[in-house]
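Asks: This is the structure I want to talk about, given as structure tokens.
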Amino acid sequence: MGTASRLEKREEITHLLAQGLDYYGDDAIGKAIQTWRQVLELDPGNAEAIDYIQTADRRDQRRLPPDEQMSDTHRRLVHEACGCVETGDWEGAFDLLRSPAEDEPTVLEYEATVELVRSQLLQQYSSRVGDTSAVPGLRDGAGDIRSYNLPSDAGFMLSLIDGTTPLADLISLSGMDAFEALRILRGLLDADIVEMRA
Numbered sequence: 005m006g007t008a009s010r011l012e013k014r015e016e017i018t019h020l021l022a023q024g025l026d027y028y029g030d031d032a033i034g035k036a037i038q039t040w041r042q043v044l045e046l047d048p049g050n051a052e053a054i055d056y057i058q059t060a061d062r063r064d065q066r067r068l069p070p071d072e073q074m075s076d077t078h079r080r081l082v083h084e085a086c087g088c089v090e091t092g093d094w095e096g097a098f099d100l101l102r103s104p105a106e107d108e109p110t111v112l113e114y115e116a117t118v119e120l121v122r123s124q125l126l127q128q129y130s131s132r133v134g135d136t137s138a139v140p141g142l143r144d145g146a147g148d149i150r151s152y153n154l155p156s157d158a159g160f161m162l163s164l165i166d167g168t169t170p171l172a173d174l175i176s177l178s179g180m181d182a183f184e185a186l187r188i189l190r191g192l193l194d195a196d197i198v199e200m201r202a
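Count along the sequence shown from 1, add 4, and you get the number used in my numbering.
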């Protein structure tokens with residue numbers, strides 16, 4: 005494939021991802037999913053499209069009545085998360101938004117805020133990690149990985165990294181959604197435990 009063709013394909017993928025988010029924002033979940041599936045036809049391992057589809061499926065399954073109001077807890081968390089976003093602390097915003105009790109019902113306004121933050125972070129993670137066809141491997145000189153006291157999910161991801169399996173396949177093997185997998189891998193990269201190889 006020529007350089008021009010690759011560029012056109014990348015532009016089409018970017019357009020479809022954005023169009024799907026527009027549909028999602030308008031609560032047209034079916035159209036959003038259909039649009040993101042078009043991305044996967046062009047780029048089967050596209051982490052953003054996979055994460056968006058999984059998120060849209062979850063939102064569609066948990067749909068609440070339109071007159072449902074945010075609880076005081078959710079309202080406070082959204083306010084605090086917006087403060088984090090204003091200072092560029094997207095990680096802090098995400099940590100706040102995922103803190104309510106799981107049995108407390110959420111509403112679309114709250115979920116939309118969560119998805120906005122996840123979307124921004126996913127772009128950051130994808131930019132940091134790079135192309136999903138790249139292969140993660142242990143960095144030379146990383147030392148004994150047991151000395152890092154990693155969380156269980158990071159340890160699990162690290163156990164899958166063999167230096168030959170592309171990132172897209174690692175995400176599938178992990179059973180995690182693309183967002184969580186890229187978040188963990190970004191942490192391993194930042195800790196200089198892992199490096200990405202072409």
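From the three backbone atoms N, C-alpha and C, an ideal C-beta is built for every residue, glycine too.
Let me confirm a value: Pro140 is counted as buried when at least 16 other C-beta atoms fall within 10 Å, else exposed. Which label applies?
Replies: buried
Asks: Can you give me the start and stop residues for the beta strand (DSSP E) that Gly141 sits inside?
Replies: Val139 to Leu142
Asks: Could you tell me which residues DSSP puts in a beta bridge with Glu199?
Replies: Gly141
Asks: Throw me the rounded Cβ distance for the Leu192 and Ala158 pair, which I believe falls under 8 Å.
Replies: Approximately 6 Å separates the beta-carbon atoms of Leu192 and Ala158; this is inside 8 Å, confirming the contact.
Asks: To the nearest whole angstrom, what separates the beta carbons of Gln124 and Trp94, a pair I think is in contact under 8 Å?
Replies: 5 Å
Asks: Tell me the DSSP secondary structure of Gly165 in three-state form.
Replies: Here residue 165 turns out to be Ile, not Gly, going by the sequence shown. Reduced to three states, the DSSP call for Ile165 is coil.
Asks: Short check: CB of Ala51 to CB of Thr169, under 7 Å?
Replies: No, they are not a contact pair.
Asks: Classify Asp181 as buried or exposed, calling it buried when 16 or more other Cβ atoms lie within 10 Å of its own Cβ.
Replies: buried
Asks: Report yes if the CB atom of Tyr129 is closer than 7 Å to the CB atom of Arg190, and no otherwise.
Replies: yes
Asks: Contact defined as beta carbons within less than 8 Å: I believe Trp40 pairs with Ala22. What is the distance between those atoms, to the nearest angstrom?
Replies: Actually they are not in contact, since the Cβ atoms of Trp40 and Ala22 sit about 11 Å apart, beyond 8 Å.
Asks: Where does the unbroken alpha helix (DSSP H) through Gly1 begin, and where does it stop?
Replies: Given that the chain is displayed from residue 5 to residue 202, the structure contains no residue 1 and the question cannot be resolved.
Asks: Which value, in whole angstroms, describes the spacing of the CA atoms of Thr18 and Gly24?
Replies: 10 Å
Asks: Would you please state the rounded distance, in angstroms, between the beta carbons of Tyr114 and Val82? I believe it to be under 8 Å.
Replies: 6 Å
Asks: Since Leu171 and Leu164 should fall inside the 8 Å C-beta cutoff, what is the C-beta to C-beta distance between them, to a whole number of angstroms?
Replies: About 11 Å separates the two Cβ atoms, so there is no contact after all.
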